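Residue numbers (my numbering): 353 to 531. We treat Cβ as the ideally placed atom computed from N, Cα and C, and that holds for glycine. What you are looking at is a predicted structure, and each value in this text was computed from that prediction instead of being measured. Here's the structure, in structure tokens; my notes come after.
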Amino acid sequence: MSGRQGAAISRDGTFDAFDLCARRATLEGIVDATTLPRMADGVADEGGLARVAWRIEGTSDALGRPALEIGLDGIVPLECQRCLAPFEGPVAQRTLLLLARDERELARLDGEAEHEVVLASVPLDALELVEDELLLTLPFAPRCERPECVGAATAAGAAEERTSAFGALAGLKPAPKNE
353 MSGRQGAAIS RDGTFDAFDL CARRATLEGI VDATTLPRMA DGVADEGGLA RVAWRIEGTS
413 DALGRPALEI GLDGIVPLEC QRCLAPFEGP VAQRTLLLLA RDERELARLD GEAEHEVVLA
473 SVPLDALELV EDELLLTLPF APRCERPECV GAATAAGAAE ERTSAFGALA GLKPAPKNE
């Protein structure tokens with residue numbers, strides 16, 4: 353983890369978000385997504401790294417309110433939920449988070465702002481913010497784009513459709529008589 357333009361980040365990975373905004377400073381680094389606790393279930397276990405470059409920039413929104421711009425770029429190994437094969441999922445995300453000083457401001461901004469709002473009255477954890485954004489960015493049920501991927505459920509459904517008992521019964525039904 354590194355800070356630029358005078359950005360201060362503590363040894364435990366936390367920083368003062370309002371200070372970052374006031375200085376227009378930037379924090380950046382590279383993280384292996386497999387080491388993030390809440391990502392363990394969402395990342396395929398391929399024995400490799402899931403390197404994601406991240407950047408947290410102190411800025412403001414169009415109305416001048418303090419905000420953090422969070423950027424993520426990288427590749428994360430995922431498991432296709434159709435064919436269960438591993439594949440590389442690209443990550444390229446930019447998010448603007450407005451900062452609230454207290455619970456009242458959080459509720460007010462959350463109701464009126466188009467962006468997400470985060471309570472920043474205490475130091476924020478940089479990697480926790482990165483992990484939050486990764487969880488929101490990655491698909492809930494990842495699917496690969498390989499043309500041969502039809503998935504076990506889809507293949508079973510197609511076979512069932514071909515031998516459907518109801519389809520066979522419909523063929524036995526007599527045709528309606530026109531009177």
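Reduced DSSP category for F370 - H, G, I as helix; E, B as strand; rest coil
Walking along the sequence shown from the start, residue 370 turns up at place 18. Helix.
Is E464 near R390, with beta carbons less than 8 Å apart?
On the sequence shown, residue 464 is found 112 positions in, with the first residue counted as 1. On the sequence shown, residue 390 is found 38 positions in, with the first residue counted as 1. Cβ atoms of E464 and R390: not closer than 8 Å.
If you draw a straight line from the C-alpha of W406 to the C-alpha of L451, how long is it?
Within the sequence shown, residue 406 is the residue found at index 54, counting from 1. Within the sequence shown, residue 451 is the residue found at index 99, counting from 1. Each residue's Cα considered, the two are about 19 Å apart.
Just to check my reading of the structure: T447 and E485 have Cβ atoms closer than 8 Å, yes? What is that Cβ distance to the nearest angstrom?
Position 95 of the sequence shown, counted from the start, is the residue given in the question as residue 447. Position 133 of the sequence shown, counted from the start, is the residue given in the question as residue 485. Rounded, the Cβ-Cβ distance is 6 Å, consistent with contact.
Compare the Cα-Cα distances from V502 to each of R434, E468 and D462 and report the closest residue.
In the sequence shown, residue 502 corresponds to position 150, counting from 1. Cα-wise, what sits closest to V502 is R434.
Do the CB positions of F367 and A459 come within less than 8 Å of each other?
Along the sequence shown, read from residue 1 onward, the residue named residue 367 stands at position 15. Along the sequence shown, read from residue 1 onward, the residue named residue 459 stands at position 107. No; because the gap between Cβ atoms is not below 8 Å, this pair is not in contact.
Going by beta-carbon coordinates alone, are L424 and V443 separated by less than 8 Å?
Looking up residue 424 in the sequence shown gives position 72. Looking up residue 443 in the sequence shown gives position 91. Yes, these two residues count as a Cβ contact at 8 Å.
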